[in-house]
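Just below is one structure, and these are the notes that go with it.
Protein chains: 4
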Amino acid sequence: MTLQPTPADKFTFGLWTVGNRGRDPFGDFVRPTLDPCEAVRRLAELGAWGVNFHDNDLVPIDATPGERDRIVGEFRRTLEATGMTVPMATTNLFFDRAFKDGAFTSHDPDVRAYALQKTMRAMDLGVELGARTYVFWGGREGAEVDAAKDPVEAIKRFREAINFLCEYARDQRYDLRFALEAKPNEPRGDIYFPTTASYLAFIATLDRPEMVGVNPEAAHEHMLGLNFYHVVAQALEAGKLFHIDLNDQKPGRFDQDLRFGSESLKPLFFLVRLLEESGYDGPRHFDAHAYRTENEAGVWDFARGCMRTYLILKAKAQQFAGDREIQALVAEIRGPDEPFPPYSREASDRLKARTFDRAALSSRPLPYERLDQLLVDLLFGVR
Amino acid sequence: MTLQPTPADKFTFGLWTVGNRGRDPFGDFVRPTLDPCEAVRRLAELGAWGVNFHDNDLVPIDATPGERDRIVGEFRRTLEATGMTVPMATTNLFFDRAFKDGAFTSHDPDVRAYALQKTMRAMDLGVELGARTYVFWGGREGAEVDAAKDPVEAIKRFREAINFLCEYARDQRYDLRFALEAKPNEPRGDIYFPTTASYLAFIATLDRPEMVGVNPEAAHEHMLGLNFYHVVAQALEAGKLFHIDLNDQKPGRFDQDLRFGSESLKPLFFLVRLLEESGYDGPRHFDAHAYRTENEAGVWDFARGCMRTYLILKAKAQQFAGDREIQALVAEIRGPDEPFPPYSREASDRLKARTFDRAALSSRPLPYERLDQLLVDLLFGVR
Amino acid sequence: MTLQPTPADKFTFGLWTVGNRGRDPFGDFVRPTLDPCEAVRRLAELGAWGVNFHDNDLVPIDATPGERDRIVGEFRRTLEATGMTVPMATTNLFFDRAFKDGAFTSHDPDVRAYALQKTMRAMDLGVELGARTYVFWGGREGAEVDAAKDPVEAIKRFREAINFLCEYARDQRYDLRFALEAKPNEPRGDIYFPTTASYLAFIATLDRPEMVGVNPEAAHEHMLGLNFYHVVAQALEAGKLFHIDLNDQKPGRFDQDLRFGSESLKPLFFLVRLLEESGYDGPRHFDAHAYRTENEAGVWDFARGCMRTYLILKAKAQQFAGDREIQALVAEIRGPDEPFPPYSREASDRLKARTFDRAALSSRPLPYERLDQLLVDLLFGVR
Amino acid sequence: MTLQPTPADKFTFGLWTVGNRGRDPFGDFVRPTLDPCEAVRRLAELGAWGVNFHDNDLVPIDATPGERDRIVGEFRRTLEATGMTVPMATTNLFFDRAFKDGAFTSHDPDVRAYALQKTMRAMDLGVELGARTYVFWGGREGAEVDAAKDPVEAIKRFREAINFLCEYARDQRYDLRFALEAKPNEPRGDIYFPTTASYLAFIATLDRPEMVGVNPEAAHEHMLGLNFYHVVAQALEAGKLFHIDLNDQKPGRFDQDLRFGSESLKPLFFLVRLLEESGYDGPRHFDAHAYRTENEAGVWDFARGCMRTYLILKAKAQQFAGDREIQALVAEIRGPDEPFPPYSREASDRLKARTFDRAALSSRPLPYERLDQLLVDLLFGVR
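Here is the structure:
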């Protein structure tokens with residue numbers, strides 16, 4: 004079991020993750036600003052493959068064009084020097100107070116226009132640095148008060164924005180796919196498109212659905228208590244897993260963005276197994292941050308831990324696949340399968356006439372307890 | 004404000020709702036069996052429009068053909084005598100132990116075949132009694148142990164079943180639409196397609212998506228703490244609200260199926276307003292049951308209460324629409340809108356070059372507190 | 004129904020509530036600093052009875068003694084001019100990074116000492132301005148990582164601090180009672196003493212339990228989905244309801260601190276009824292804040308709304324008590340009661356020998372559906 | 004690492020756990036009745052120490068005295084033959100419809116009397132078979148409708164019952180302690196005393212608090228998302244951990260009663276460590292049941308798994324205690340401690356006058372990320 008990350012593992016971190024300064028609703032910053040270039044160098048040393056950013060993680064919202072160019076130039080040189088990539092970029096449409104009541108879904112057409120402009124410019128920036136995936140997280144697209152907002156209208160406005168930006172990307176000949184990221188609440192009372200599935204459903208209604216997929220985040224679905232493995236499976240089955248945000252979270256509480264695998268040891272085993280066995284070849288992106296109690300050094304402990312646990316789970320998945328007793332039990336539970344005939348009048352008539360023995364149908368042993376215990380043993384490293 | 008229900012209100016109840024006998028995981032039945040024909044008569048007296056059923060709510064799973072015909076005949080005569088309708092029917096694919104590990108997604112091809120057969124026969128029964136909507140709730144389609152089940156495969160199997168049954172309905176020339184009903188968990192640890200949005204996404208991948216929509220249930224989405232008004236809005240916007248299950252529930256706990264409007268006074272105001280103002284003209288179906296503490300008489304109190312609260316909320320929605328102060332405040336918050344130009348290179352260039360004053364964008368008053376208090380006043384009947 | 008608040012209603016607000024500037028984990032301040040004296044004047048105009056504060060809401064953490072005296076002097080003059088009171092004060096032991104891993108439960112004895120000192124000084128300040136209740140909310144007393152912290156030790160350290168501070172208050176002859184405020188999580192992954200009941204249990208283990216009670220907060224218990232009415236009832240029954248924090252919250256999510264009565268219309272009816280009918284005569288303190296979308300004016304809409312909804316619910320409680328049909332139904336459900344004999348050998352023997360008819364015991368009608376619908380009608384103002 | 008359970012491990016199971024027949028709200032029984040004597044024999048073979056029961060798990064509610072004696076006699080002989088013990092017993096006050104609106108808190112004095120009688124008789128039965136702990140779980144003590152029930156009165160009634168039964172136990176010279184078991188909801192909408200802490204607080208108000216402690220159940224606290232390790236720590240610190248119910252549960256959903264350690268791998272490590280290191284020497288009782296998909300054989304897989312995972316976690320706790328790197332890191336995080344002086348005027352004056360350097364207080368490294376990753380490695384068996 005090799006637990007040393009390499010670029011081949013495609014581990015990426017957001018600048019905002021290792022750069023998180025530990026502010027929370029009840030307390031101030033605890034860590035100093037982290038220079039983006041320093042972040043790149045440190046992550047490269049640790050074995051990461053790339054970094055991702057919101058526009059303003061790299062370029063301040065009020066930077067002059069000259070400042071922007073200087074910052075971007077230095078950042079690019081650091082990427083080149085370290086061999087790090089920028090596979091994904093995104094827009095910050097939530098921090099500035101202009102977006103306090105939404106960006107693409109704001110009632111104010113000027114806010115919506117500004118959000119579009121900011122996104123186009125951020126797409127330019129991302130593409131300039133190599134991004135192939137562009138993430139949309141609509142943190143302020145929601146409501147506390149439903150009395151003056153119309154969720155049907157919000158969907159239409161969001162669609163209008165995404166359709167516009169798809170055309171922009173094509174017009175610019177950007178080799179860029181969009182990945183939509185859902186979250187149920189926080190900072191808004193309720194955020195529109197609260198789950199990955201909401202976005203999967205939305206994508207089918209776009210002008211260019213083939214350009215758009217999802218970026219499921221473990222913590223965001225865990226907040227609701229959903230089975231993230233099932234969530235990601237649906238995205239994969241639909242051919243829409245364009246990116247993934249890895250972290251951890253206790254259900255039913257505020258957005259914790261914990262170190263990957265620090266809480267959900269068993270659920271994330273299934274996730275990693277799915278990612279590794281499904282042929283997903285995109286980035287393994289960590290969208291988490293160090294505890295507020297950590298100092299600067301602790302941030303790198305945090306980053307190391309995310310990658311290490313992923314590799315542990317990957318090794319466990321391989322062990323699971325190669326374990327004879329486990330695989331025999333899985334085969335016993337699954338039993339022989341048989342392709343179902345496509346519909347025809349004849350198939351239908353035959354099926355309707357068939358006689359079933361309900362008692363027999365329910366009598367097959369399904370030793371899930373035994374299998375699950377073998378998995379628990381495997382996870383605990385005692386087999 | 005008239006609070007007396009009439010058939011024009013399109014209120015329907017499941018036979019299983021008023022027929023619920025109060026069994027729960029920790030206690031036995033408390034109410035006797037309710038005869039389906041008696042249920043129809045009582046509901047007709049109360050002003051309901053129709054009843055819905057699972058196949059085995061009406062016809063026992065082991066009934067002979069002769070018994071079935073006798074039961075159906077008597078039931079039909081009761082419908083005719085009372086003027087009650089059967090707008091929806093569905094299949095019980097969860098009670099019998101044959102389905103203990105799933106129906107359409109079972110590993111066992113015989114169980115899947117039996118589930119299909121049972122559904123075809125139940126569709127026949129439903130159509131025979133006038134049903135135009137056919138609901139699918141996959142209560143056992145899920146897992147506690149993910150180690151021997153593949154959620155990708157489960158989706159494919161469910162799709163295969165729905166595609167088959169769409170063809171069956173067409174082949175039989177049934178005037179029938181399908182409505183898929185989601186639930187996150189219970190009785191399974193995790194149920195596949197945990198939210199309405201999961202089904203909306205799934206529908207787009209079917210052979211005949213136009214035949215298939217959703218049946219969102221308030222309690223099922225409230226279990227996760229989702230905003231049901233937003234959930235239904237997405238279904239409506241997609242043209243997929245084919246049916247709706249009205250009830251109530253406290254978030255984050257077992258499936259309570261409480262009397263409609265008994266808990267979520269404010270959230271369900273928005274739901275009723277949406278249903279009434281959106282042009283939705285399907286049944287208002289109550290999928291709930293009386294508290295276990297009620298006797299037989301209490302069941303009808305329960306049924307009356309569901310309809311009454313719907314009508315109260317409908318009247319509140321009309322009051323909201325006609326309240327000048329409220330509407331002025333809504334208009335102030337919304338402000339003037341302006342159509343956004345479709346994408347063109349020129350539009351894009353112009354937008355990218357535009358200068359925005361972020362401070363100005365954030366300075367518009369958004370008196371949501373005031374508006375929300377007016378709504379609270381209206382809900383409490385003090386304005 | 005008079006809905007105009009007066010000082011007799013004993014409504015209080017925290018300086019931090021109307022002074023909340025709208026910062027959240029994903030966005031910056033949106034409102035300017037509010038001068039404490041201005042807050043007092045505005046709240047007095049609105050009909051409030053008093054204000055409460057953390058030490059640093061009034062006096063900056065790094066103020067010199069001279070600055071402190073100047074600030075306190077001006078504040079006192081404003082209180083006198085407006086007739087406003089300061090019934091409660093508390094300590095900010097969570098914002099400064101010194102407390103990032105706890106205050107009274109920190110591993111660091113210097114941090115614990117500093118927390119004690121800061122609290123003693125803040126008690127002096129509170130008492131100087133008239134406070135009779137001193138609240139303790141241990142926002143940082145908790146953990147994300149249980150591997151280096153001992154929850155048994157944390158309880159002992161917390162007890163040591165409270166015992167010390169009780170002696171301090173007595174030694175200073177302060178007429179002051181302590182009220183402990185629980186919260187399950189946020190900002191810490193888990194906070195020690197997660198519920199009001201945890202503190203009720205803890206109080207019994209203190210040196211001077213008679214000096215210490217609880218300050219239950221609606222939102223904090225709603226975060227867990229608990230029935231706040233039941234929670235407060237236990238505190239009252241134990242004689243320990245020394246203060247109360249009124250606000251609102253959707254269950255299972257981040258700490259929202261919403262306007263009182265904006266979400267939980269029915270649950271808060273029971274709460275207000277309990278407070279009003281139980282003889283509780285302490286402050287009705289609102290610990291909430293305006294939505295981040297509000298400007299300065301909206302803050303006062305928010306404050307008005309809190310008080311107005313309390314008064315609406317109080318009027319509803321009176322209506323409930325005076326409604327003959329409702330009271331008759333309550334009486335019917337309750338039935339005749341009969342005092343149970345105290346234990347004696349004879350009473351026990353007699354009871355053991357008695358014959359019970361289980362069927363009869365279960366046959367009494369319990370028309371809760373009917374009663375609950377009458378309550379819903381009453382809440383909606385349609386009876 | 005020996006993972007073979009022996010009676011010295013004090014593992015116990017409820018008759019209702021291995022005897023669970025798989026009924027749920029949406030489906031019927033799937034397993035046949037299990038004879039209590041057979042349960043005892045099988046559990047003895049697996050290495051368990053004892054069994055516990057509700058009165059009606061062993062003796063049907065309508066058994067004649069002769070039937071009772073015959074059943075008890077056979078059961079006792081089986082215990083003697085196998086060497087199994089009955090450390091705990093309890094009363095079923097929830098299944099029979101007589102208790103549909105509560106037992107000790109029912110409005111009906113006859114129901115309360117019957118509940119007392121049933122409990123006295125069940126205490127006799129438990130003591131006859133050797134029980135030293137008597138558990139109270141008030142599954143029906145709660146409400147869906149708060150309008151006709153008074154939670155203050157419910158507490159008083161519950162106290163009256165427990166006080167009476169304490170006297171009964173003393174009068175009978177039973178060597179019996181009581182352990183109160185909390186649950187937040189299900190089967191009632193809200194159950195009184197929703198958390199272990201609620202009972203800890205209540206115990207202090209009893210006539211004989213020394214006789215009464217708590218029986219915390221992992222799943223019941225996990226339903227709310229509470230940290231069970233912290234919950235049990237408070238009970239231990241108060242000297243009130245009289246019994247414990249071990250199982251597992253996903254937060255925010257129906258009561259799952261899953262195999263111990265099947266979900267909460269990391270949280271239950273801390274729990275087992277606490278139990279083993281605290282000197283707790285009571286039973287390790289498993290209150291869980293096999294998945295509904297299991298047949299009879301699967302029940303024993305389930306039982307084996309509960310004990311095995313406990314022993315795995317116990318071994319991990321020993322490894323944790325002996326791991327030098329981990330212990331060094333724990334020591335580094337904890338730092339040197341120093342006893343705090345008891346209160347005196349002088350100590351207080353000295354403390355108030357002390358100068359603290361806040362920056363210094365916050366600058367100590369707290370490498371929790373590193374420590375937590377070491378724990379995760381240890382749990383995964385990769386160190």
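Just so you know, the protein sequences line up as chains A, B, C and D, in that order. Residue 101 in the working numbering is what sits at position 98 of the first sequence, and the numbering runs on without skipping anything. Residue 199 in the working numbering is what sits at position 196 of the second sequence, and the numbering runs on without skipping anything. Residue 97 in the working numbering is what sits at position 94 of the third sequence, and the numbering runs on without skipping anything. Residue 69 in the working numbering is what sits at position 66 of the fourth sequence, and the numbering runs on without skipping anything. Glycine residues also receive a C-beta, built at the ideal position from the N, C-alpha and C atoms. Please read all numbers here as calculations on a predicted model, not as lab measurements.
Just measuring C-alpha positions, the residue of C/GLN120, C/THR296, C/GLY76 sitting nearest C/LEU96 is C/GLN120. Secondary structure note for A/VAL234: its alpha helix (DSSP H) is the uninterrupted segment 231 to 240. Counting along the chain, B/ARG79 sits inside the alpha helix (DSSP H) bounded by residues 68 to 85.
Within the segment 19 to 44 of chain B, the residues whose Cβ lies closer than 8 Å to some Cβ of chain C are VAL33, listed in chain order.
Cα atoms of C/GLN7 and C/GLY50: separation of roughly 8 Å, rounded to the nearest angstrom. At least one C-beta of chain D is nearer than 7 Å to the C-beta of B/ASN188. The DSSP-derived three-state label of A/ARG276 is helix.
Cβ-Cβ separation between D/PHE245 and D/ALA150: approximately 36 Å, too far for a contact (criterion under 8 Å).
By the Cβ rule, the segment 125 to 141 of chain C counts as touching the segment 168 to 182 of chain C, because three or more pairs are nearer than 8 Å. Short of 8 Å from the beta carbon of D/ASP27, and not among the five residues preceding or following it, lie these beta carbons of its own chain, in chain order: ARG295. At a cut-off of 7 Å between beta carbons, C/GLN120 contacts chain D. For the segment 289 to 314 of chain D, residues whose beta-carbon sits nearer than 9 Å to a beta-carbon of chain B comprise TYR294, ARG295, THR296. For A/ASN218, the three-state secondary structure derived from DSSP is coil. Under the Cβ distance rule, C/LYS253 does not count among the residues neighbouring chain D, no pair being separated by less than 7 Å. Interface with chain C (7 Å Cβ-Cβ cutoff): D/SER267 is excluded. Segment contact: the segment 265 to 278 of chain D against the segment 261 to 275 of chain A, three or more CB-CB distances shorter than 8 Å; contact assigned. Residues of chain D with a Cβ closer than 7 Å to the Cβ of B/GLU147 are, in chain order, TYR294. Following the DSSP letters along the chain, one finds C/ARG287 inside the beta strand (DSSP E) bounded by residues 287 to 289.
Going by C-alpha positions, A/LEU378 is about 21 Å away from D/LEU377. Residues of the same chain with a CB within less than 8 Å of the CB of A/MET87, apart from the 5 flanking positions on each side, are VAL43, LEU46, ALA47, ALA51, TRP52, GLY53, VAL54, THR81 in chain order. By the neighbour-count criterion, in which a residue is buried when 16 or more other Cβ atoms sit within 10 angstroms of its Cβ, C/THR93 is buried.
If you ignore the 5 residues before and after D/LEU374, its C-beta comes within less than 6 Å of the C-beta of LEU332, all in its own chain and listed in chain order.
With contacts defined as CB atoms closer than 7 Å, A/LEU274 and A/TYR232 qualify as a contacting pair. Listed in chain order, the non-local C-beta contacts of B/PRO35 below 8 Å within the same chain comprise ARG24, GLU299, local neighbours out to five positions each way being set aside.
D/ASN166 is not a Cβ neighbour of D/ASP111, given a cutoff of 7 Å. A/THR15: member of the beta strand (DSSP E) spanning 14 to 17, first to last residue.
The C-beta distance from D/ARG353 to D/THR15 rounds to 53 Å, too long to fall under 8 Å, and the pair is not in contact. Judged by pairs of C-beta atoms under 8 Å, the segment 341 to 357 of chain C does not touch the segment 304 to 313 of chain C, as fewer than three such pairs exist.
Closest option to C/TYR202, judged by alpha-carbon separation, among C/ASN230, C/GLY228, C/VAL234: C/VAL234. Among the CB atoms of chain D, one or more fall inside 7 Å of the CB of A/ARG373. Taking a beta-carbon distance threshold of 7 Å, C/MET123 counts as an interface residue toward chain D. Under DSSP, D/VAL54 takes part in a beta bridge, and its partners are D/PHE16.
A/VAL379: member of the alpha helix (DSSP H) spanning 371 to 382, first to last residue. Rounded to the nearest angstrom, the gap between the Cα atoms of A/GLN175 and B/ILE315 is 54 Å.
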